Every structure is written in structure tokens, then in C-alpha cells.
Amino acid sequence: MRVALPVLFLSVSLAACVSSGKYQKKEAEALALAEGVKAEQTRRAELQQRFEAVQKDLDALNAEATALRERVKGYEDTLTSTRTELTSLKQQSAELQQKSSEYEKMAEALKGQIEAGRVEVSELRGRMTVKLKDKILFSSGSARVGKEGKDALAAVAGVLKGMEGKVIRVEGHTDDVPAGGAWSSNWELSTARSLAVVRFLESQGIDPSRLAAAGYGQHRPVAANDSPEGRSQNRRIEIVLAAAEDAPPLDAAVKPASAPAP
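Under this note's numbering, the first residue of the sequence shown carries the number 64, and numbering increases by one thereafter.
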């Protein structure tokens, strides 16, 4: 029995040493694992920060790209609008050049009549007007075109026949002195005179579908009726030319030649 005790003590001591060594080893492994976990957490936190920074940059780039797309769209809209406006201006310029050419052609063709004081030619907003004083066309109180008037109207008709696509509207105007005689009012006289001019133009070969007659009496004066000169200016026939699509409707106040006195 005395011999066995040292052997048993040695065995316990060896077991204690082995357990302590394993514990320390496990403890070291645990510490290393904890440090690894901590390092991994630190690395993940760094990655998260980098991700958030990249995401922030990406959001900023997306916002900038959106702003750029809006600016580009604005430029495109402006460019489209400018092109449309330019096209419209070119078209208007071409139309004005054509109208100016037509006006010059009319003025040149009627140069003799203009210089003789029988005819006046004007242009306003693309509508040409040929004005003839009533004394050139008619005797006082008459709706029959005289010889001098026929000569002037024949020259006008020669130009009008070459202007296709134009509506020709003959407007009769008087001063405010009552017509008297065979006419119950200035309406009848002015309308009868405009119809007489329309019939003469038709006889000169102008398509009647392009012709219209209107009588305004004394209601559209171009001068005051308080002097002989003013009344003379108001007694007139105006031949108005306009593109078919731009031609105004006949005034509601226009009366036919056969209309009864008001």
C-alpha cells in the first residue's frame, strides 16, 4: 500500500496538468475567435460605411442624371419650338413675298390708271384693295357703268383674271346725302352699283364663283361727310382681294338691290 500512493498522486498531477493545458488552449482559441469576430464586425462596419458612401454617391449621380435628362428635354422642347417657329416664319415670309409680288404686279399693270387718278391700289394685312371713285364709274344717282368706268374696270379685270385662288369682293359705298331719285336709300344705290361692277367683271371673263357684291351705303366712311372733299372720298367702289380661306363673310347689313326701303 505505501508503494501505490506516489503512483496515484503522480496520476492525479498528470491529469490536472493535461486539463489545465487543454483549458488554456481552449481559452486561447476562444480569445482568437473573439478577436476574429471583432475583426469581422469591424470589417463589416467598414464595408457598410463604404456601401453607404457608394450608395450616397450613386443617389447623387442618379439625381444629377435626372436633372441632366430634364435639361436635355428642355433643350429638345426649345429646339422643337424654335424649329416650328422658324418654319412658320419662313412660311409667313414666303407668303408676304408672294403678296408683295402680287401687289407690285397689280400696281404695275394699273400704272396708267393710277397715274390718271382713276384707280388707287393698297395692301393691308395681306388683302389688296383696288379703289375707284364713283364719278369714274357712274353718273350722279346712276348704277350704270359709264365708258370711262368700263375702261378702268377692263384694265382691273385683266389683272384679276391672272390671280387665281383669290376671292374678289366688290363693295359699294356712298356719302350720307340721301340718294333720292329711283333709290329709296343709299343701301339700294351702293348695292346696285357693286352688282353692276360684278356683272361687268363677269363679262370680262372672271369666274363668277370668285365674285361677291356688298353694299354698305354711307355706313363705312373713310372721311368726314362735312365737306365736299370728304363726301367725294366716301363715294367709292372698292374691289377687295383675299385668299379664299381668309375671305370674310358678307356683312349682315348688306342688302340686295331689290330690297324694300327700311
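The C-beta atom is built at its ideal place from N, Cα and C for all residues, glycine as well.
None of these values were measured; they are calculated from a predicted model.
Could you tell me the alpha carbon to alpha carbon distance between Ala245 and Lys194, rounded to whole angstroms?
Position 182 of the sequence shown holds residue 245. Position 131 of the sequence shown holds residue 194. Going by the C-alpha atoms only, they are around 25 Å apart.
In the structure shown, what three-state DSSP assignment does Leu304 receive?
For the purposes of this step, residue 304 is taken as residue 241 along the sequence shown, with counting starting at 1. It is a strand residue.
Determine the direct distance from the alpha carbon of Arg106 to that of Gln112, and round the result to whole angstroms.
Indexing the sequence shown from 1 puts residue 112 at position 49. Indexing the sequence shown from 1 puts residue 106 at position 43. Spanning the two alpha carbons is a distance of roughly 10 Å.
Select from Thr254, Gly228, Gly278 the residue whose C-alpha is nearest the C-alpha of Asp270.
Along the sequence shown, read from residue 1 onward, the residue named residue 270 stands at position 207. Selected option, being the one with the closest Cα: Gly228.
Cα-Cα separation, Thr237 to Lys224:
As a first step, residue 237 is located in the sequence shown; it is residue number 174 there, counting from the start. As a first step, residue 224 is located in the sequence shown; it is residue number 161 there, counting from the start. About 27 Å.
4-residue-minimum alpha helix (DSSP H) runs that sit fully inside the stretch 145–210, ordered along the chain
174–178, 197–200
When the distance is taken between beta carbons, is Thr254 closer than 8 Å to Gly268?
As a working note, residue 268 is residue 205 in the sequence shown. As a working note, residue 254 is residue 191 in the sequence shown. The answer is no: Cβ separation not under 8 Å.
With 8 Å as the threshold, decide whether the Cβ of Ala123 is near any Cβ in chain B.
Looking at the structure shown, chain B is missing, and only one protein chain is on hand.
Straight-line gap, Ile199 to Ala305 (C-alpha atoms, nearest Å):
For the purposes of this step, residue 199 is taken as residue 136 along the sequence shown, with counting starting at 1. For the purposes of this step, residue 305 is taken as residue 242 along the sequence shown, with counting starting at 1. Taking the straight line joining both Cα atoms gives about 24 Å.
If I measure Cβ to Cβ from Glu211 and keep anything under 7 Å in the same chain, skipping five residues before and after, which residues do I get?
As a first step, residue 211 must be located in the sequence shown, where it is residue number 148. Around Glu211: Ile199.
How many angstroms separate the CA atom of Arg283 from the CA atom of Arg134?
Here residue 283 is taken as the residue at index 220 of the sequence shown, counted from 1. Here residue 134 is taken as the residue at index 71 of the sequence shown, counted from 1. Spanning the two alpha carbons is a distance of roughly 55 Å.
Given a cut-off of 8 Å on the beta-carbon distance, is the pair Ser257 and Val233 in contact?
Locating residue 257 in the sequence shown gives position 194, counting from the first residue. Locating residue 233 in the sequence shown gives position 170, counting from the first residue. Taking 8 Å as the Cβ cut-off, Ser257 and Val233 qualify as a contacting pair.
Assign Ser82 to one of three DSSP states: helix, strand, or coil.
Indexing the sequence shown from 1 puts residue 82 at position 19. Reduced to three states, the DSSP call for Ser82 is helix.
Sequence-distant residues of its chain with Cβ nearer than 6 Å to Thr192 (five each side left out)
Working through the sequence shown from its first residue, we reach residue 192 at position 129. Only Ser185, Glu301, Val303 meet the Cβ criterion.
Mapping the DSSP letters down to three states, classify Glu234 as helix, strand or coil.
Against the sequence shown, residue 234 aligns to sequence position 171. Reduced to three states, the DSSP call for Glu234 is strand.
Could you name the residues of the same chain whose beta carbon sits closer than 8 Å to that of Ala218, not counting the 5 residues immediately before and after it, in chain order?
Taking the sequence shown and counting its residues from 1, the one referred to as residue 218 is at position 155. Closer than 8 Å at Cβ, skipping near neighbours: Ala172, Leu173, Gly175, Gln176, Val182.
Spatial neighbours of Gly280 within its chain, please: CB distance less than 6 Å, with the 5 preceding and 5 following residues excluded, ordered by chain position.
Start at 1 with the first residue of the sequence shown, and residue 280 comes out as number 217. Around Gly280: Thr237, Asn249, Trp250, Ser253.
Among Leu131, Asp214, Gly293, which residue has its Cα nearest to the Cα of Val260?
Here residue 260 corresponds to residue number 197 of the sequence shown, with the count starting at 1. Minimum Cα distance to Val260 is reached at Asp214.
Residues in the same chain with beta-carbon distance under 6 Å from Lys196, minus the five sequence neighbours each way, listed in chain order, please.
Here the question's residue 196 lines up with position 133 in the sequence shown. Here the set comprises Arg299.
Let me know if Val117 comes out buried or exposed under the rule of 16 or more other beta-carbons within 10 Å of its beta-carbon.
Taking the sequence shown and counting its residues from 1, one reaches residue 117 at position 54. Flag for Val117 reads exposed.
How is the beta strand (DSSP E) around Gly244 delimited, first residue to last?
Taking the sequence shown and counting its residues from 1, one reaches residue 244 at position 181. Per DSSP, Gly244 belongs to no beta strand (DSSP E) and is neither H nor E.
Short of 8 Å in beta carbon distance, which residues of its chain neighbour Asn202, apart from the five on each side in sequence? Order them along the chain.
If you number the sequence shown from 1, residue 202 lands on position 139. Position check: residue 202 holds Ser in this sequence, whereas Asn was assumed. Gly209, listed in sequence order.
On the DSSP bridge assignment, give the partners of Leu274 in chain order.
On the sequence shown, residue 274 is found 211 positions in, with the first residue counted as 1. Looking at the DSSP assignment, Leu274 forms a beta bridge with Ile231.
Quick one: residues in its chain with C-beta nearer than 8 Å to the C-beta of Met64, no 5 flanking neighbours on either side, listed in chain order?
Working through the sequence shown from its first residue, we reach residue 64 at position 1. In this predicted model, Met64 has a pLDDT of only 47, less than 50, meaning its place in the structure is not dependable; the value taken from the coordinates is given anyway. No residues qualify anywhere along the chain.
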